[in-house]
Structure formats: structure tokens, C-alpha cells
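Notes to accompany the following structure.
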């Protein structure tokens, strides 16, 4: 599946806010300069010309006047001076709510700055490996889109201290060049990370940082508040930036702010999804050990509200927990097949009220149970199973709503160990979460199909065509020797604490991003390690479940 990109006015406005700050800067399509050849061979000495960004020709007062004009247009507080930092003299802040496409915005800003002023060398600094891989993927998948708009596309690469030939191309090639680097690659104390500051024999006795800085790159900082200590951000001065652009929803330190799209603006413009949080709580019933879980209250036009509850039911030879629909007057003791727990003090529990406004049911003993409440202290396993069921139900509701619009809905479960999803000691290799999912999915889909109106034939067919086994998939680190899913290593300290170190796992997620959006791909439910959470930047994930201890 090929992603289609639509030009959005609010994103164009964010791009223009930055570009207009440099109005009056003359166009200069790369200033030719001699790249430091180091101890290069005689054969290479004639191949050392490069192109760097032209210097700013605007005076400080001109630049401030431009910024103030942009701020006036954006209804922002006027800056009285250019706010400097140790990283650089010119610092522009762009505030954009999470989920509104800031990565797309700064890639388009790169293209527009090149078109208007000729600046072609850029460095994108990110706080983690996950975001780094996501940015690289975004540059790649938008390349054709920007080729159509600008007649050129950016060349991008991830900085790697063992692949320094990329820096040669970054310096020597014309056109838009984008280097993506995570802060740890030049601000950590490890031997490989410090190579950027070392004179390297395999780099013609040069320092990589000097070669980078000679390009006078424009530095873009993604999520500056996550970069770390002030010292971390100060180290950006080593890049010799022409100026710095900071993109975040929550700037901790503010500079010259030129654009703001906050949470309220984003919500009012319907740019982000409304979040509804569903938790599971435990409530004791006075004088009873009965198990009862209020799943939801259903309201249909022209009918009285009905509650969907889970309770224990006596079946042939065993007691099972089943989901049943009840209305006012339902005798829970009878519904449970005569289990005595539903007849405290010799009186059967009766549903006396169902209040859809407050999401509660009231029982004949005076107890009130709210949606999401369990009336008996249950095991963690029971709670996880309920979470899986709730997520499936939420998924089906959202899927039915969006199916006719051609939008595929995805749901994501974060778990803390692979064995809960994939158990290689079993013949079917299914872990307990995968087994519970398949069991609950079969029940929920059967129940949902019975409720669908006659006119929903297309969606009915869609549900019937996908089996429980093929609609879920796990995304984890993979052991190279056994080719089995494993938990993988995570960072123990620092800014990336708790996040996966496995680039290959992020790569798998990103490579399959477009495929997962296609209806031809039956996978709709995704299980992933919680350490990979920042890798899941997928707009079609509408439901998330945290199956963690």
C-alpha cells in the first residue's frame, strides 16, 4: 500500500511561520568551499569541493522585525530580543501538539527553506533511537510527495560512526542533504559515541565534527525537552549551526516562538483523536462473594437500556464466567444457574436500575456497580483477560464506524515479556495472552455479528472473512540464531531508560507500517514489547491496552 499525503492548511501555516522569519535573505544555492581533505591520497586531492549553507545576510534587527511580524500574524506574544543559547545565536520554537504531524512539517520546512533561500544542509537531532528510525522512515515515505511539489527530494542518512563516507556525500553533494542523529551519538561517553570528536585514521586524520560544522548546517531539534540536560543541548554548538529550530508540544525552555498549535487548537480543529481511558477497579459487594463485572451499558433508539455484564454461570460440570445482557428486573441468581453467591442472606440479587447517563447499575441489596468495576478481588490474569476483551470490543465499535470510510482500524497491546504472547514450549506456540485473545475474539465477533443491522452487509462480510489466528501478530526483537521472538535488551539508564536498544525491531515495525494500513492485510491486533512503545507512531492505532504488571 502506498501512502497518500494531502496538503493541510494548518501544516502549511507552520511551515510559513519559520520561512517568513528570513524574508529578505538573498537566494544562494549552496556556497562552494574546499572540504578539508585531511591526509587524503593524491588521487582524492582534486575531489574536495563541497557546498555549504550561505551565511545569514540579515542583521539582528531585520531578523527580529521579521519574527515580530510572524508573531503578530500568529497572535503570539512579541519577542523584544533575539533569544540566544549556548547552542547558537538564533533559536526559533515551533509548538505543535503531539499527533498533528510535526515531522512532516519540519521536512516540508526543509524543502521550503531550500526553495526560497537555497539552504541545503540540515541536521535533525532526536532524543532516542526509536524517534531516529521513525524520522528516517518519514523522510523516505514522503520523498515522492515532495518530489512532486518541489522538483527535488531530500537525501537522508542516519549518522553512524562506522560509516563516515556518508559525511563526505553530505558535504560534497548538491541538493537537500539531511543527517539524522540521536543525542547519544555525540553526547555519550562510550568509545563509539565519542568518535565524532576524535581525529580518526580511517577518516583521513580528521574529526567528523569538524567536517560537519564546515557545512554551517541548520539544526532541527525534535522534542528538545527530551534531549536531556542543558549541557546536552549546549553541545549542539559543536555543529556550528546557522540557526536552530525546535519542534515540540511542550517546550521546557522557550526562545523566540513563531508558531503555536496547542492541544485545545488541535482538538477544536479535529486534528487529534479524543482519548477515552477505561480502567478496571475492584469493589466489594456487602454480604456476598459474587463475581460481577459491568462491561458496558447499551442504549438503542426506542428501547430501554441494557447492561452487558460478566458473571459466573453454573454449566454442566463446571462454573464458567460468561458475558450476559441484563435489563431491569433480571434475577442474577437464576441467570447464574443457581449459584448461591448471587443470593446473599437468602435473597436473590435483582437488577433494580440501569442508568446510562452515569454508566451504573443498581442491585436489590442497594449496591451500585459502575462500568469497569469488578465486585470481587480477582487475579491479575482475570483482569488482563478482561482488558483484552474490552480492547476487542472497543476495536469493533471503532472499526464499524470507520469501515465505510475506507479507514483500517488497528489496536495495540503492550506487554512486558514475549513469553506471554509466544510460548515455544507449546505445540501451537501461543502464549497465554495470544490464547486469551483468540478465545475472546471468537466470542466478541460472534456476539457483534448477531447485533449488526441488515444494512451492514459489507462490514459483516469483512468480519466473517478474518479468523482469530490471522488477525493478530507480535512485534518484538528477534534472535538472529534461532529466529525466535525475544524480549531484547533495553536501556537501563539515561534519557532512553526502559526503551529497546534493538534497531532491527524498530525497523520491522516501520517497514510494515504501510502494509498494516491495507485491508488486504488481515492483521488488526498488534502485540509488542512495552520497550518498543516509541516505535509505534501509527495514525491508525485507535485502541491501546497495557497488559503489564
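Residue numbers (the numbering used here): 82 to 630. Think of the CB as a built atom: it goes at the ideal place given N, C-alpha and C, for glycine as much as any other residue.
Per DSSP, cross-strand counterpart(s) of residue i
i           : result
residue 633 : The requested residue 633 does not occur in the structure, where the chain is confined to residues 82 to 630.
residue 532 : Beta-bridge pairing links residue 532 to no other residue.
residue 604 : For residue 604, which the question treats as bridged, DSSP gives no partner whatsoever.
residue 260 : 204 and 238
residue 340 : 175
residue 281 : 287
residue 59  : Residue 59 lies beyond the range of the chain shown here (82 to 630); nothing can be said about it.
residue 300 : 204 and 325
residue 243 : According to DSSP, residue 243 bridges with nothing at all.
residue 624 : 492
Beta-carbon proximity list for residue i, same chain, < 6 Å, skipping 5 on both sides
i           : result
residue 76  : Nothing about residue 76 can be read from this structure; the chain reaches only from 82 to 630.
residue 123 : For residue 123, the predicted model reports a pLDDT of 46, less than 50, meaning its position is unreliable and no value from the coordinates is stated.
residue 351 : none
residue 331 : 306
residue 127 : Bear in mind that a pLDDT of 44 at residue 127, under 50, signals an unreliable position, so the model cannot answer this.
residue 187 : 301 and 328
residue 696 : In the structure as shown, the chain starts at 82 and stops at 630, and residue 696 therefore has no counterpart that could be examined.
residue 247 : 238
residue 347 : 178, 181 and 353
residue 90  : none
Closest Cα partner of residue i within the set the options
i           : options               : result
residue 640 : 154, 391 and 424      : Coverage of the chain is limited to positions 82 through 630, which leaves residue 640 absent and any answer about it impossible.
residue 543 : 92, 116 and 487       : 487
residue 110 : 149, 200, 176 and 152 : 200
residue 157 : 130, 317, 341 and 230 : 341
residue 225 : 217, 216 and 235      : 235
residue 448 : 204, 425 and 496      : 425
residue 216 : 263, 231, 495 and 92  : 263
residue 160 : 466, 403, 337 and 590 : 337
residue 133 : 186, 219, 293 and 90  : 293
residue 377 : 396, 405, 353 and 350 : 405
residue 231 : 219, 189 and 265      : 189
residue 164 : 417, 205, 319 and 334 : 334
residue 96  : 397, 417, 195 and 276 : 195
residue 440 : 380, 593, 276 and 417 : 380
residue 256 : 419, 279, 193 and 275 : 193
residue 108 : 268, 445, 138 and 91  : 138
residue 552 : 149, 597, 535 and 538 : 597
residue 254 : 112, 162 and 415      : 112
residue 444 : 494, 462 and 414      : 414
residue 457 : 211, 370 and 321      : 370
residue 609 : 495, 295 and 537      : 495
residue 400 : 427, 114 and 372      : 372
Close beta carbons around residue i, own chain, < 8 Å, minus the five adjacent residues each side
i           : result
residue 492 : 472, 473, 475, 476, 605, 606, 607, 622, 623, 624, 625 and 626
residue 314 : 166, 167, 168, 302, 305 and 308
residue 595 : 82, 83, 84 and 222
residue 418 : 394, 395 and 396
residue 517 : 465, 466 and 469
residue 525 : 470, 473, 474 and 477
Contact set for residue i: own chain, Cβ-Cβ below 7 Å, skip 5 residues either direction
i           : result
residue 563 : none
residue 151 : 98, 101, 102 and 339
residue 143 : 105
residue 513 : 501
residue 125 : Caution applies to residue 125, whose pLDDT of 48 falls short of 50 and renders its modelled position unreliable; the value that the coordinates give is listed next. 118.
residue 329 : 176, 304, 305 and 306
residue 183 : 177 and 328
residue 389 : 376, 377, 379, 404 and 406
Cβ separation of residue i and residue j, assumed to be a contact under 8 Å, to the nearest whole Å
i           : j           : result
residue 603 : residue 559 : With a Cβ gap of about 21 Å, residue 603 and residue 559 do not count as contacting.
residue 540 : residue 503 : Not really, about 30 Å apart at Cβ, beyond 8 Å.
residue 289 : residue 317 : The Cβ separation is near 15 Å, so there is no contact.
residue 403 : residue 450 : At roughly 17 Å, the Cβ-Cβ gap does not stay under 8 Å, so residue 403 and residue 450 are not in contact.
residue 325 : residue 353 : About 27 Å separates the two Cβ atoms, so there is no contact after all.
residue 386 : residue 437 : 5 Å
residue 207 : residue 171 : In fact, because the Cβ distance is near 21 Å, the residues do not count as touching under 8 Å.
residue 398 : residue 431 : Not a contact, Cβ separation roughly 28 Å.
Next on the checklist: To test your reading of the DSSP string, which unbroken alpha helix (DSSP H) runs of 4 or more residues are found completely within the region 201-238?
Outcome noted: Whole alpha helix (DSSP H) segments, 4+ residues: 210-222 and 224-231.
Checklist entry - Which residue spans inside the region 410-438 form an unbroken alpha helix (DSSP H) run of at least 4? => result Fully enclosed alpha helix (DSSP H) runs of 4 or longer: 413-416.
Checklist entry - Can you list, in chain order, the stretches of the alpha helix (DSSP H) that have 4 or more residues and sit fully within the region 472-509? => result Listed in chain order, nothing qualifies, since the region 472-509 has no complete alpha helix (DSSP H) run of 4 or more residues.
Item to check | Uninterrupted alpha helix (DSSP H) stretches inside the region 104-157 (no shorter than 4 residues) | outcome: Listed in chain order, they are 141-154.
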